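**Student:** Attaching a single structure in structure tokens format; questions to follow.
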Amino acid sequence: SEDRRAGRINWNLGGCFKALELITQKDYFPSSTRDALKLFIEKPIKTGKKFVDPFQEEKNSLKTVLERQPKT
């Protein structure tokens with residue numbers, strides 16, 4: 155039987171969300187990209203079974219930062 159985990163990359167998504175939280179506060183970060191990030195974060199994940207997002211706290215923190223940024 156084949157191992158489905160063999161080709162997977164194990165990303166530290168908590169760290170990725172934290173990095174996004176920091177970089178989105180910079181003046182050079184495009185507002186259109188901020189808007190796109192907000193859209194993806196707010197969109198619920200649809201699954202056939204009950205699902206608890208292990209990164210919901212990090213997503214909420216990033217969303218708070220994105221909402222504080224002025225629109226340009």
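Residue numbers (this note's numbering): 155 to 226.
Using N, Cα and C, we set each Cβ at its ideal position, and we do this for glycine too.
Only a predicted model underlies this, so the values are computations on that prediction, with no experimental measurement involved.
#1: I believe F171 touches F209 by the beta-carbon criterion, under 8 Å. Please report the beta-carbon distance rounded to the nearest angstrom.
#2: Cα-Cα, which of E175, N164, K197 is closest to S215?
#3: What does the alpha-carbon distance come out to for the pair D181 and K217?
#4: State yes or no: is the C-beta of L220 within less than 8 Å of the C-beta of K192?
#5: First and last residue of the alpha helix (DSSP H) that includes Q210?
**Tutor:** In brief:
#1: Taking the sequence shown and counting its residues from 1, one reaches residue 171 at position 17. Taking the sequence shown and counting its residues from 1, one reaches residue 209 at position 55. The beta-carbon separation of F171 and F209, rounded to 6 Å, stays under the 8 Å limit for a contact.
#2: Start at 1 with the first residue of the sequence shown, and residue 215 comes out as number 61. It is E175 whose Cα lies nearest to the Cα of S215.
#3: Your numbering for residue 181 matches position 27 in the sequence shown. Your numbering for residue 217 matches position 63 in the sequence shown. Distance between the alpha carbons of D181 and K217 is about 17 Å.
#4: To locate residue 220, count along the sequence shown from 1; it is residue 66. To locate residue 192, count along the sequence shown from 1; it is residue 38. Yes, they are a contact pair.
#5: To locate residue 210, count along the sequence shown from 1; it is residue 56. First-last of the alpha helix (DSSP H) with Q210: 210 to 222.
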